[in-house]
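Chains as they are written, first to last, in UniProt numbering: chain A, 1 to 381; chain B, 1 to 1211.
As structure tokens, this is what we get:
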């Protein structure tokens, strides 16, 4: 071929400047290493009946016992639930619920009798449950100031009037808006979460067969996470150890009846480290949720914590839920290592285990019936 | 000075010397409008790097999308996360890219600076000599002196060289990779050239990128014009060799030089997969919008169902809640922000990374390395690696691609007598012998093959070649290192034919000088020796030219004007003795003493030719004693068998072009003083001109014979031109050469004018041997479902023969030969054949069998078949053909064929070739492959991949192509899957949070999840996975079919993966949901097991896809899991209030103390992956080896029969 006319359009890169006669003898042979030649020793999972079938059986054999264990554990957990929303005329709380709003300052009390069919042996956990309450709404979740709750005194300062100055001097985070301040006074604790804190008071009475009503002691500490109480939530430390003085200059959230420093009489459970408050601030994941309210400690004696019998639940009805078609519940539950009562996981494990086992059997049959031909072909080849 | 404007605006430029203006301010310089020689290839400047780079990056749509999202996030009504955090991913991606760009630009800057500061010599009027300056100081109009082995700083018009012949040798390796030396001649023969005396004006064309073309003329003050072409232009970047020094006038400088104009950077091609990918991205966008729409609508309904404002609905700062419709409208955009990672932005970055890695592996493959030339495969196109796995049509050149293009002189026919050169054939067979012996060990049969290509038995021929191909399977021919092109013993040593040799020695026994009779035999060999452009060099002194000694030249150079050029330039025969004292033209200023008389034996002569045919012919002539001793532009010396040296004056050389298909040299015979034109060229053009009828027919018969054997044929002819005719012609020629308009055509016309009425001397047959393993490779490619076409410029007989030899055509094939002179015949043939094919296919007996049809078509017929009205029929026909051979096609036709097939059949095409005539075709195909062979680097420069042997195509396509394709396709699908699966977790949550765009996973962890925890494994998967081992891919070429057409990456595969992602995310969301239903779980605790099991699911899903696990895989997979836990634990331990609204403090820690967490993770992972695992593996357990689940449905049938062979191979 002696063609001479062409157009070299694409030429790559620069003129390479190499010294005269230099660099032409360099050996460009690629290195013969396993990595560069893509010959690294490799494990190729060969999926034959011999390796796949045991996998199914093993899954089955492991899952089914776990499932049974979970199911049994879950079944052993005793749980009692009572709805006291009061939207039904027959409900004792109907009157309280009927015309109640956030603006009411006077609390309304209602009494709900109930009966426990079984004795509750170990510690009993008392929850309040809310339904159709979207604590996970994006704006709601954001509406808090963690640094304020962590005891940052600056977040409690009065916001300066000019916006420029306010940026330097911290005040409740803008995430708290519009629950950040009232009349230029910061709200403590700020934000919608705190503002909407659950404020019903639940009391439990055991109706002795002899007619007296014995109040059941409810422990209000130990219900929040340890890390929350000791690390995340802290009261602001001012010059004064008195909480009232520290929160001087702040206002209480709109919906609250008392300021934050009067949540409890116990100084270790007051202010931001009040455990009811901490529990509420840990926003629930789903619109129907329960939150730990009190713990009924098991006494040392042999008697069950909550013997079989009649009880009365006395509610200070403060929290309106009818407006958003919510419901309020009181739940008594014992717990196990897997938490509260939940049959789902056990059933799921049993089902999956059985399906795997069944599949294994089916495949084994198929393999035996039809796989032989293939196997022999393999061998003969 | 109205010239200035004219120079800028017109088609032509006129340049004058800078010297008269030296020292004047810039405004007075005549050439100030032209760029200086300093080059700047950097894209950015230091000051404006950031804005310019950002501008550049925002050209990518993906980046704009990302930035749009960030901006959305800054709108308070819409934002989903803290806007500052949303900036992080885009910043990471932009800054990574910017860093890469900055580094590349810095490298460019460094090399620019190095180039600009290279030293050179510029003439200074003040100092009356050449002074040392830098490259960047060179300006248009300067006089630059270049010395031996120095790189030329700008495009120079050669005015003077130290060589007495006015010749300067340059090596253009830097430009086109060709290492043979090229000769350049000075424009005017000033023996004592003084820059200051140059007073002409150079008129030349505007800068262009054609390296082989330049036109211009020097206009002297007396209005005399002297033409100047590319043969006088020294190009920037070339190296001066064998010439002590040369002076040139700067024509183009800096970025206007031809080399810089050619420097357009790496090519950008878009792969087929990428085009498909964009469609799928579009699907993802639609999916995203649907999901966001659902979210917005859901939010609207949710808000509307609310009777009064509940306490959890937070009004904006104003304190007043917006209307539900407006809130939902905002919610739509918030959802886009939340679900943004559905569009895999990191995919583009990952694909780029993976492709770089794939190219790394391809270039490092030792099997694609050629010892002989020490060259690896070169990947020039960086982003079409996966196209290699989807090729359906290969268009191959024949010469140099299928064949070695190592031309071996085999036989010749002189004046109607055939000389079969049996002895030479035996020698060639012996050369192959060592390999045959080696092969004996492996093959039990080793038939001695005394002669190949014997005329007697044609059948044996075919067998021979097959045997030949297989025998050479394992060894490279012994002719290793060759300093000079075409100089292996195979080609250089020709054993003369006994009969012919005797005849020659008889004729030339008497002194030729006084025998006036021009013997045809002598003429024949003289033509072989003279009619070429071979450059002679000495074997002992590499790269130094033999040239006529200075004193011989001095006697006849009173050349002040060019107009009288060659006529007076001829040397009287009396001076031939002077030629004998040939000396070396030394490179160094201190020449080695000429006293050590270099022995001018024929052994240490080396010939460097631009085409191997020429070299083969010169070596053949040498074997008969006609030794080409030296060649300068003006003269050729040949030693005759008698020992006498003839010095021919070369009057003109009519170079080869593809239209004339011949080349000629016009010389003046030193003894007879005749003007003789020696021509060689393709047979069809030479015969039929004035000649004796019987010789012509006999020669024609021989030619046909040669062609049948697969030999390349050339006819040799001569013509004696009378002085009057020559004089007239030379005037025409000169005018044509000086012409600016239509110069090529005019020059060609003059050539045709002279090459008339030639006398046929004889013909030669040159063998072009098949490359190693060509039949084997073609066989494998064909089994892989690739149709191989051969497009060649050779004649049909040669092509068909090679076709049989390389297994392209087989004996039982039905070969359709299309050679039609008229359109109507062509139509008829097409119609008949198509009808026949249709009938054959309709015949119920032929349901299972397919007829193997092959088509042989010549260039003329092809032209007609490609005409618009026949095109469809032609395409329909070739679709049925197993192999197509196009002969006698021009480069343009080659590219036309490729384009037609590519566009009409919508297939992936690959073109492979080695020569300049393949450049068009290489550029037209989806993938162009250049073979860096014997014909320079033009094909390689134009190609996407450059290999050194045709056989490398097999591994490149079958192994690397398949791997690159499946790896990338699987990785892309996995990427989509991964993002959909993860994003859907968030989407399902919207149903439980009032469609308020809440994320139950901390935003930092979400970023980390995509950026760190799950980014490396897919890249590793795309780089290193091997679905099938290389051995098996080579052994079972059918496996290649998985990539063709739609391939692995298809609509269904994509949607199966998306559906799987939906399913898995459902499992991953609802298992924790049911477990934690109505419990005191908080939001981020709820998200933690989901995030964790999503990680496990996504990684385990990949583990199912990975077909071979190496150490690297284990490290990366386990590392990713470890990284997740370490980073998340550290983050949730350290971060108490650092990320205000969401607070992950101590969540993972408390979860990890809880057995439920593990139980949930295990259950979700198992349930999510069970279907995929089951479908994949339970099927394989029943005996169907399925390589990849999603494809299962598509290629089940084709793979079924493979399974048996595969399992067989595995055992």
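C-beta atoms are modelled at their ideal positions from N, C-alpha and C, and glycine is treated no differently.
Enumerate, from N- to C-terminal direction, the unbroken alpha helix (DSSP H) stretches of 4 or more residues contained entirely within the segment 783-862 of chain B. 796-805 and 823-842
Based on DSSP bridge pairs, tell me the residues matched to residue 111 of chain A. In the first chain, the residue the question calls residue 111 of chain A occupies position 111. Beta-bridge partners assigned by DSSP to residue 111 of chain A: A:314.
DSSP state of residue 17 of chain A mapped onto helix, strand, coil: Numbered from 1 along the first chain, position 17 holds the residue referred to as residue 17 of chain A. Because residue 17 of chain A sits at a pLDDT of 37, beneath the cut-off of 50, its placement in the model cannot be relied upon, and the following sentence gives the value as read from the coordinates. It is coil, neither helix nor strand.
Does residue 11 of chain B pass the burial test, meaning 16 or more other C-beta atoms within 10 Å, or should it be called exposed? If you number the second chain from 1, residue 11 of chain B lands on position 11. Burial check for residue 11 of chain B: the Cβ neighbour count within 10 Å stays below 16, so the residue is exposed.
Completely contained alpha helix (DSSP H) runs for the segment 859-926 of chain B, where each covers 4 or more residues: 859-865, 868-880, 891-904 and 919-924
Meets three-Cβ-pair contact criterion under 8 Å: the segment 244-261 of chain B and the segment 149-164 of chain B: yes
Which stretch, first to last residue, makes up the beta strand (DSSP E) that contains residue 215 of chain A? Walking along the first chain from the start, residue 215 of chain A turns up at place 215. First-last of the beta strand (DSSP E) with residue 215 of chain A: 213-215.
Residue 303 of chain A - DSSP class collapsed to helix/strand/coil: Looking up residue 303 of chain A in the first chain gives position 303. Coil at residue 303 of chain A, not helix or strand.
Could you check how far apart the C-beta atoms of residue 907 of chain B and residue 392 of chain B are, in whole angstroms? I think they sit under 8 Å. By one-based count along the second chain, residue 907 of chain B stands at place 907. By one-based count along the second chain, residue 392 of chain B stands at place 392. That pair is a contact at about 4 Å.
Report all residues from its chain with a CB closer than 6 Å to the CB of residue 98 of chain B; omit the five preceding and five following residues, and keep chain order. Residue 98 of chain B sits at position 98 when you count from the first residue of the second chain. For residue 98 of chain B, where only same-chain residues beyond five positions count, the Cβ hits under 6 Å are 53.
Could you tell me which uninterrupted alpha helix (DSSP H) segments, each at least 4 residues in length, are contained entirely in the segment 273-349 of chain B, listed from first to last along the chain? 324-338
At a CB-CB cut-off below 8 Å, which residues of chain A make contact with residue 1071 of chain B? One-based indexing of the second chain puts residue 1071 of chain B at position 1071. Correct list: 348.
Does residue 1021 of chain B come within less than 8 Å of chain A when only Cβ atoms are used? What you label residue 1021 of chain B is simply residue 1021 of the second chain in a count that begins at 1. Closer than 8 Å: no.
How do the segment 718-737 of chain B and the segment 749-761 of chain B stand: do at least 3 beta-carbon pairs fall below 8 Å, yes or no? yes
Kindly confirm or deny that the segment 1082-1089 of chain B and the segment 1144-1161 of chain B touch, where touching means at least three C-beta pairs closer than 8 Å. yes
Determine whether the Cβ of residue 150 of chain A lies closer than 8 Å to any Cβ atom of chain B. For this step, residue 150 of chain A is matched to residue 150 along the first chain. At a cut-off of 8 Å between beta-carbon atoms, residue 150 of chain A makes contact with chain B.
Alpha carbons only, please: which of B:414, B:1117 and B:277 is nearest the one belonging to residue 1096 of chain B? The residue you call residue 1096 of chain B lines up with position 1096 of the second chain. Closest option to residue 1096 of chain B, Cα to Cα, is B:1117.
At the level of alpha carbons, what is the spacing between residue 698 of chain B and residue 421 of chain B? Indexing the second chain from 1 puts residue 698 of chain B at position 698. Indexing the second chain from 1 puts residue 421 of chain B at position 421. In a straight line, the C-alpha of residue 698 of chain B is about 18 Å away from that of residue 421 of chain B.
Figure out for me which residue from B:810, B:949 and B:874 has the closest Cα to the Cα of residue 832 of chain B. On the second chain, position 832 is the one that residue 832 of chain B refers to. The residue with the shortest Cα to Cα distance from residue 832 of chain B is B:874.
Cβ pair count under 8 Å reaching 3, the segment 337-345 of chain A against the segment 1154-1167 of chain B: Yes, since at least three Cβ pairs between the segment 337-345 of chain A and the segment 1154-1167 of chain B fall closer than 8 Å, the two stretches touch.
What residue range is occupied by the uninterrupted alpha helix (DSSP H) comprising residue 1076 of chain B? Your numbering for residue 1076 of chain B matches position 1076 in the second chain. Residue range 1051-1076 is occupied by the alpha helix (DSSP H) that includes residue 1076 of chain B.
Residue environment, residue 795 of chain B, which counts as buried when at least 16 other CB atoms sit within 10 Å: In the second chain, residue 795 of chain B corresponds to position 795, counting from 1. The residue in question, residue 795 of chain B, is buried, as its Cβ has 16 or more Cβ neighbours within 10 Å.
With burial defined as no fewer than 16 other Cβ atoms inside 10 Å of the residue's Cβ, what is the status of residue 34 of chain A: buried or exposed? By one-based count along the first chain, residue 34 of chain A stands at place 34. It counts as exposed.
Have a look at residue 20 of chain B and residue 534 of chain B and give me their C-alpha separation to the nearest angstrom. Indexing the second chain from 1 puts residue 20 of chain B at position 20. Indexing the second chain from 1 puts residue 534 of chain B at position 534. The C-alpha of residue 534 of chain B is placed about 42 Å away from the C-alpha of residue 20 of chain B.
So the alpha helix (DSSP H) residue 619 of chain B belongs to, where does it begin and stop? On the second chain, position 619 is the one that residue 619 of chain B refers to. Residue 619 of chain B -> alpha helix (DSSP H) spans 612-623.
Counting contacts by CB-CB distance shorter than 8 Å, is residue 1159 of chain B in contact with chain A? Position 1159 of the second chain holds residue 1159 of chain B. By this cut-off, residue 1159 of chain B is an interface position.
Locate the beta strand (DSSP E) running through residue 412 of chain B, then write down its first and last residues. Locating residue 412 of chain B in the second chain gives position 412, where the first residue counts as 1. Per DSSP, the continuous beta strand (DSSP E) segment holding residue 412 of chain B begins and ends at 403-414.
Within its chain, find whatever has a CB closer than 6 Å to the CB of residue 1131 of chain B; leave out the 5 residues flanking it on each side and keep chain order. Here the question's residue 1131 of chain B lines up with position 1131 in the second chain. Excluding residues within five positions, none has a Cβ falling inside 6 Å.
Distance cutoff 8 Å, beta carbons only. Does residue 345 of chain A sit that close to anything in chain B? Counting from 1 along the first chain, the entry for residue 345 of chain A is found at position 345. At least one chain B Cβ lies under 8 Å of residue 345 of chain A.
Given a cut-off of 8 Å, decide if residue 189 of chain A and residue 171 of chain A are closer than it, judged by their beta-carbon atoms. Numbered from its first residue, the first chain carries residue 171 of chain A at position 171. Numbered from its first residue, the first chain carries residue 189 of chain A at position 189. No. Outside cutoff.
Give me the DSSP bridge partner(s) of residue 205 of chain B. For the purposes of this step, residue 205 of chain B is taken as residue 205 along the second chain, with counting starting at 1. Residue pairing by DSSP puts residue 205 of chain B in a beta bridge opposite B:12.
Have a look at A:323, A:120 and A:244 and flag the residue whose alpha-carbon is nearest the alpha-carbon of residue 101 of chain A. Sequence index remark: in the first chain, residue 101 of chain A carries index 101 (1-based). The shortest C-alpha separation from residue 101 of chain A is found at A:323.
Listing by chain order, which chain B residues have their CB less than 8 Å from the CB of residue 325 of chain A? Position 325 of the first chain holds residue 325 of chain A. What residue 325 of chain A touches in chain B: 307.
For residue 1033 of chain B versus residue 956 of chain B, is the C-beta distance shorter than 8 Å? Taking the first residue of the second chain as 1, we reach residue 1033 of chain B at position 1033. Taking the first residue of the second chain as 1, we reach residue 956 of chain B at position 956. Contact flag unset, no.
Run of the beta strand (DSSP E) containing residue 183 of chain B, from where it starts to where it stops: By one-based count along the second chain, residue 183 of chain B stands at place 183. Segment 181-185, the beta strand (DSSP E) holding residue 183 of chain B.
Against chain B, with Cβ distances strictly below 8 Å, would residue 43 of chain A count as a contact? Position 43 of the first chain, counted from the start, is the residue given in the question as residue 43 of chain A. Yes, its Cβ sits closer than 8 Å to a Cβ of chain B.
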